[in-house]
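The numbering used here puts the first residue of the sequence shown at 490, with every later residue one more than the last.
For glycine and all other residues, C-beta sits at the position ideal for the given N, C-alpha and C.
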Amino acid sequence: MSVLNWFLTGPDQPRITDRTVIKKEYKKHRIEDIASIIFGYGMYYVVKLPLSVAKKPLLAEGMTATQLGMIGAALTIAYAFGKCFNGFMGDRCNIKKIVPLGLLGAAIMNIIFGFSSINFTLFFFLWLMNGFFQSMGSAPWTVSLSQWFGKRKLATWYGVCGIAHYLGEGLTYVGTAAIVARFGWRSGFFAPGFFCILVALLMYIFMSDRPETYGLPPANEYDGDVETAKVEKAKSTGKAQFEALKNPFVWCVALSAIFLGVARYSIDNWGVIFLQEQCKYSVGVAGSILAISSVTGGLGSACSGIISDRIFKSRHATTSIVFGIVMLAGIIGFCTFSYNRALCMVFTAIYGFGLGIELSFLGGMLAVDLVSQKATGAAMGMVGLLSYLGATGQEIVNGRLMDISKRVVNGIAVYNFSVINKFWIISVFLMILFVIPVVFAKRKKADGKE
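As structure tokens, this is what we get:
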């Protein structure tokens, strides 16, 4: 029990009354938390995605696409349930102890993976454990963000912190791909692993517990939203989490997130080998093309809150539908014009920008906006659970479809991606379809029907 108590948030300290000190402390903690989230959570992806750029050499060493799909599924299934668990726990815990520990564990799993001999059972176990450690990142850092920024500012800063996804993906597609091309697939696991151990230590130093544990007012009160602050104070964490579980619109977001997870991780985990096998691009070229989606995705994520607030008047569900259509156009173009390198890059950029917006809202912000601040982790956990069940399913489906399409021509394995591409496109369409009911969520609340 004492070990579990170590994770809990600290007690509230006597309130600081000097407004100048409060402002200085808030500014310091916010800057440190934002920097830790963007860079630190970005590194989560560096130790999450190396398998996506190492698939071809692993196939060459005797592994099958189905086995690689099952290994990838081990990560996502552990991530799905772990994210739900850590989301509910994150509402009650000291976030600076959870997020760095998750990165440390994921880094160690990568190091062991890189130094191990080819063994499906071992790889499956290591990636299962990697998935659990990965689940200690997303929902908890969103909890931290909601603790330090009030409801009125949360969407904007959530979008800014979403850059972390693309920082990590870009470093993987360019940096890790280059390491694999130069030094072999093993280095693509243990090199990032060693680096992320250092990053985990820095995160522990700079991340923060709740404002109240430093004698500071809660974020809504500090940002001048006194009414929201009163409502939050009167509501217990357990009650807020139960309300989130009963909210049908949160479940609509979660259902939409299933297909976001399918589409996103299909491209993340199978996009490189698709470009290698279908278009005969080198791993470096394929990685560079997908890295474009990381750049435009980061731009989309950073702008998501501003776009939604200023253009769509904070109608986040409408924003999600519009940019879901943008994402759909991008993925259709990516699959259709992959042989034309220039067009492939253009449509990858379009897809990435739409995905950046979608990850900000369908990835959690849309659900968080529907619940109490004290249920932020619970909402993220619910969405994350279904999203990564979708991500798990795509690993199995993509791997199986790839093996089914395999033909041997002159002793060389050849794969047909036509059915796989349709699977990716249909997933984005269904993602858009399930978010439509959420458009009416705030309207019903305003009319007193909720």
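Cβ contact annotation for A746 (same chain, cutoff 6 Å, sequence separation greater than five): L851, V872, L875 and S876, in chain order. For G579, same chain residues with a beta-carbon under 7 Å away, outside a window of 5 residues either side, are I587, A628, P629, V632 and G866 in chain order. Its chain contains S633, W637, M696 and S697 as the residues whose beta carbon lies nearer than 7 Å to that of D522, once the 5 sequence neighbours on both sides are disregarded; these appear in chain order. Bridge pairing for R896: V903 [DSSP].
Taking each of F812, I810, I839 and A806 in turn and checking the Cα distance to G822, the smallest one comes out for I839. Look at the beta carbons and you see the segment 811 to 826 not touching the segment 676 to 684: under three pairs across the two are nearer than 8 Å.
F923 and F748 do touch by the CB rule: their CB atoms are close to 7 Å apart, below 8 Å. The beta-carbon separation of T881 and A562, rounded to 5 Å, stays under the 8 Å limit for a contact.
Contact between M869 and G657 does not hold, since their C-beta atoms are separated by about 18 Å, which reaches or exceeds 8 Å.
Remark: C-beta atoms of I607 and E514 do not approach each other more closely than 8 Å. Residue state for L705 is assigned as coil, using DSSP reduced to three classes. By a beta-carbon distance limit of 8 Å, Y568 contacts Q623. Their separation comes to about 5 Å. Each residue's CA atom was taken as its position, placing A752 and N910 some 10 Å apart.
Judged by DSSP secondary structure, K769 falls outside any alpha helix (DSSP H); it is assigned neither H nor E. For A524, the enclosing alpha helix (DSSP H) stretches over residues R508 to A524. Relative to Y534, the option among Y662, F826 and T555 whose CA is nearest is Y662.
When DSSP states are grouped into helix, strand and coil, L848 belongs to the helix group.
For the pair G819 and I756, the Cα-to-Cα distance works out to about 12 Å. Where S809 is concerned, the enclosing alpha helix (DSSP H) starts and stops at H805 to T825. Residue pairing by DSSP leaves L540 without any beta bridge partner. By the neighbour-count criterion, in which 16 or more other beta carbons inside 10 Å mark a residue as buried, K802 falls on the exposed side. As DSSP reads the structure, L497 sits in a beta bridge with C582.
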